Amino acid sequence: MKTIKLTASVLAITAVAATAASARDAIRIVGSSTVFPYTQAVAEQFANMTGAPSPIVESTGTGGGMKIFCEGIGENTADITGASRAMKASEYELCQSNGVTDITEALIGFDGLSIAISRANDFAWDLKLSEVYLALAAQVPVDGEWVDNPYTTWDQINPGLPAVEILAYGPPPTSGTRDAFVELAMHAGCEELEYVMSGGFDGDWVEENCSRMRTDGPFVEAGENDNLIVQRLEADPNAVGIFGYSFLFENLDKLKAVSIEGVEPNASTIADKSYPVSRPLFFYVKNAHRGVIPNLNEFLEEYMSNDALEQGGYLAERGLVSLADDLLMKLQDAVLNGTNMEPKS
Amino acid sequence: MADVTAATDPGPKTGSTADAVRASLARRNRKQKILQVLGLGAISFAFLMLFILIASLVSSGYQAFTQTHITLEVFIDPEEVPLERLPRGGFDDVLEASLASVLKDVDPDDRATMRALGGLPSNGAQFRLRDRVVEDPDLIGQTITMTVPVSDPYDQLNKGLIDRRTPEENRRLKDFEIAWFDQLVAMEAISKPLNTGLISNPDSRFPELAGLKGALIGSFWALFVCFVISFPLGIGAAIYLEEFAPKNKFSDFVEVNINNLAAVPSVVFGLLALAVFIGWFGLPRSAPFVGGMTLALMTMPTIIIATRAALKAVPPSIREAALGVGASKHQVVFGHVLPLAMPGILTGTIIGLAQALGETAPLLLIGMNAFITSAPSGPFDSATALPTQIFIWADSPERGFVSRTSAAILVLLGFLITMNAVSIYLRNKFERNW
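Structure (structure tokens):
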């Protein structure tokens, strides 16, 4: 008898399942962990303001998010994915072949990576990316040989720099900031080196050989806690720290930026890409889900609102580098009207 | 043994065996002593580690069990909150104005000051005010008293986690903000009651609002589904294997596999669930139902093994007596053996469920680590579970989540201890010795 009852209840639950699963009323969002905090903020604000069911925001990483997003159209698939890089051609094809044909691309802002130093240091720091690479990479070319990094002071790299020990505090390998720094600063710096340019090495070679930070002391993994890095930079005016631009912005009273290739990071140089170590942040939305998934349009309105996106908006408070006004207008227009993105090839 | 030694013990006599025994006595005693000391040491070490774990959790987590609140007289200005615009309206401005009216040296026309002042009560305060006004629109134009949480930096300040001696530019709260707070403390508007929100609120990105409600309900549904699936299936499999299955190569093979299954890392079950339940069956991501099915896969081998052990422990004489008075095999099993084995089965099941409650890896794979600001209303609504909620909070940068993570771990430990205590109680109460 007991077994029969239990079987019956299992069946009953499965039946409820079938009905419940077919009616989704919450928006599903996946994607990059860098975009996650911004989407999270919009989701909570949206649920509080409208009383609609709270959107479900999952941090899956950009690549993982694209896989889920491009699975197909329908209630069991995600509506939006966040990305800390533009969609790749292969991902676009995957989407197309699974019937996800109408996608709007939204560039919501920028994430700049800054190298900062204490205000107590009175040298006007300006580094080339190749100098950043030579100071911090595990292996560098010396006299035409690819060897372990021998440099210990900045003036060994460039006589115009101060004769102080190289000491940089940066993010650990588990952090997305580290990935971005390696890709945007280290790889770019590596490619600028005479040895690499004249050696005819390709991108794969750079990826393989220029991705490792040095582990012999001058580069210190300081954990995820940026506050700690700031305290250390204050204690040692010759040390530099690597973190997201928003954090430098918060601490401009104590820290100053190290210019890269002559450009100092600030909201406008990051937005117009003249500051080289910055990356755009995106989200992608399925237009076929609009009007089908309840509240999706309203959620996008909240995301696109000036409250959220403008300079000083609540996303900027969380660290997003906002778009310039004209770009913002274009973005709001494209997303609210559901303009399809340009095909990638 | 005692009798034998007594009978053969020749007493204090000389003899080669007795001498050898006597000579080695000290050595053997010493060995026993060492063994005892080592055992005691091992237990003390385990206790010390447990103590350090609990002590560090309590010392960092106890602050999260209280939350700083502020009590405000709020005048609901009909100009800011017109009746016809409900539920929209400038509820944040209303709160700022009421704060500005009680604090000294606040210029209500200075935008920057007012914005800083708006950061004193929690972001959720305006929505609480809105909900009250929407419920009773007659409140517009009246003055009401509200007690709301303050935002995280002020909570940290009140709990002594922000050091006032650090230079102003290094502090999250500036001198004028601390001065406001001190004025409010002097007016006795600040209180620090028990943080019921930790249990009764769903998740939030604001630490002062974040709670475990969604995770607790999600964990409940996942465990419920896990129990409903794994308990009958596990017992059924165990009864068949123990009472009915012929003993041959095949049943040996099954037994080896079940034992192996119990040792498979849980993340493998997560991958399986992702491919089968979500991929093939098309069940929703992040649903406690899917989580429960995944956990059931893990719990089932534990239940089968525990049930078989409990069935084996029932003496054969009971079976034989029942068979002797003419009961069928079916009647023997369900009428006599199973009821007698039940305490053992329940103990095994509860321990299996307690394991499932603390399981994180498979839930991460099926998306139960999402950020959701509402609690689930059924097993198919997206939700988190207790361990995945801890995972999310531990990753959050806001200071207030440090103590909340520890507090959430303490809540999880509390549940685990309760479940294990229940299983010990059941065992002691119903266990029979033959």
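Going down the list, the sequences are from chains A and B.
Sequential numbering from 17 applies to the first sequence in the numbering used here.
Sequential numbering from -9 applies to the second sequence in the numbering used here.
For each residue, glycine too, the CB sits at the ideal point set by N, CA and C.
Since the structure is predicted, the reported quantities are computational estimates derived from the model, not experimental observations.
Limits of the beta strand (DSSP E) - the one that residue i falls within
i: residue 300(A); result: 294 to 302
i: residue 99(A); result: 96 to 99
i: residue 44(A); result: 44 to 47
i: residue 158(A); result: 155 to 158
i: residue 272(A); result: 271 to 273
Expected contact under 8 Å - CB spacing of residue i and residue j to nearest Å
i: residue 330(B); j: residue 295(B); result: Not really, about 18 Å apart at Cβ, beyond 8 Å.
i: residue 96(A); j: residue 298(A); result: Contact flag wrong, Cβ pair sits at about 10 Å.
i: residue 309(A); j: residue 84(A); result: That pair is no contact at about 15 Å.
i: residue 311(B); j: residue 209(B); result: 44 Å between Cβ atoms; not a contact.
i: residue 401(B); j: residue 73(B); result: With 8 Å as the limit, residue 401(B) and residue 73(B) do not qualify as a contact, their Cβ atoms being about 42 Å apart.
i: residue 126(A); j: residue 337(A); result: 4 Å
i: residue 354(B); j: residue 224(B); result: That belief does not hold up - the Cβ atoms of residue 354(B) and residue 224(B) are roughly 25 Å apart, past 8 Å.
i: residue 249(A); j: residue 257(A); result: 5 Å
i: residue 184(B); j: residue 55(B); result: 7 Å
Residue-level contact to chain A via CB, residue i, 8 Å cutoff
i: residue 344(B); result: no
i: residue 111(B); result: no
i: residue 423(B); result: no
i: residue 395(B); result: no
i: residue 55(B); result: no
i: residue 272(B); result: yes
i: residue 166(B); result: no
i: residue 185(B); result: no
i: residue 79(B); result: no
Beta carbon proximity, residue i to chain B, threshold 8 Å
i: residue 116(A); result: no
i: residue 370(A); result: The structure shown does not extend to residue 370(A), since chain A is modelled only from 17 through 361, so no value can be given for it.
i: residue 311(A); result: no
i: residue 338(A); result: no
i: residue 37(A); result: Residue confidence is low: residue 37(A) scores 44 on pLDDT, short of 50, so the model does not pin down where it sits. Its coordinate-derived value is still stated next. Cβ-Cβ to chain B under 8 Å: yes for residue 37(A).
i: residue 317(A); result: no
i: residue 73(A); result: yes
i: residue 9(A); result: Only positions 17 to 361 of chain A appear in this structure, which leaves residue 9(A) out of reach.
i: residue 196(A); result: no
i: residue 314(A); result: no
i: residue 174(A); result: no
i: residue 273(A); result: no
i: residue 254(A); result: no
i: residue 59(A); result: yes
Residue(s) in a DSSP beta bridge with residue i
i: residue 184(A); result: 235(A) and 256(A)
i: residue 139(B); result: 59(B)
i: residue 126(A); result: 296(A) and 337(A)
i: residue 73(A); result: 45(A) and 361(B)
i: residue 279(A); result: 276(A)
i: residue 143(A); result: 276(A)
i: residue 65(B); result: 133(B)
i: residue 229(A); result: 153(A)
i: residue 245(A); result: DSSP output for residue 245(A) lists no bridge partner at all.
i: residue 181(B); result: 59(B)
i: residue 134(A); result: 271(A)
Cβ-heavy atom distance, residue i to the ligand SAM, below 7 Å
i: residue 240(B); result: This structure does not include the ligand SAM; it has no bound ligands of any sort.
Cβ neighbour criterion (16 or more within 10 Å) applied to residue i
i: residue 26(B); result: exposed
i: residue 38(A); result: Summary for residue 38(A): the model assigns pLDDT 47, below 50, so the residue's position carries little reliability; its value from the coordinates is reported in the next sentence. Under this definition residue 38(A) is an exposed residue.
i: residue 198(B); result: buried
i: residue 211(B); result: buried
i: residue 408(B); result: exposed
i: residue 165(B); result: exposed
i: residue 425(B); result: Nothing can be reported for residue 425(B): it is not among the residues displayed for chain B, which extend from -9 to 424.
i: residue 178(B); result: exposed
i: residue 286(B); result: buried
i: residue 178(A); result: exposed
Alpha helix (DSSP H) segment containing residue i, residue limits
i: residue 162(A); result: Here residue 162(A) belongs to no alpha helix (DSSP H); instead the beta strand (DSSP E) covers 161 to 164.
i: residue 188(B); result: 187 to 190
i: residue 314(A); result: 312 to 320
i: residue 82(B); result: 81 to 92
i: residue 326(A); result: It is not in any alpha helix (DSSP H) - residue 326(A) carries neither H nor E in the DSSP assignment.
i: residue 222(B); result: 203 to 229
i: residue 206(A); result: 204 to 208
i: residue 46(B); result: 6 to 51
i: residue 409(B); result: 390 to 420
i: residue 270(B); result: Here residue 270(B) belongs to no alpha helix (DSSP H), and DSSP marks it neither H nor E.
Neighbour list for residue i in chain E, Cβ cutoff strictly below 7 Å
i: residue 69(A); result: No chain E is part of this structure, whose protein chains are labelled A and B.
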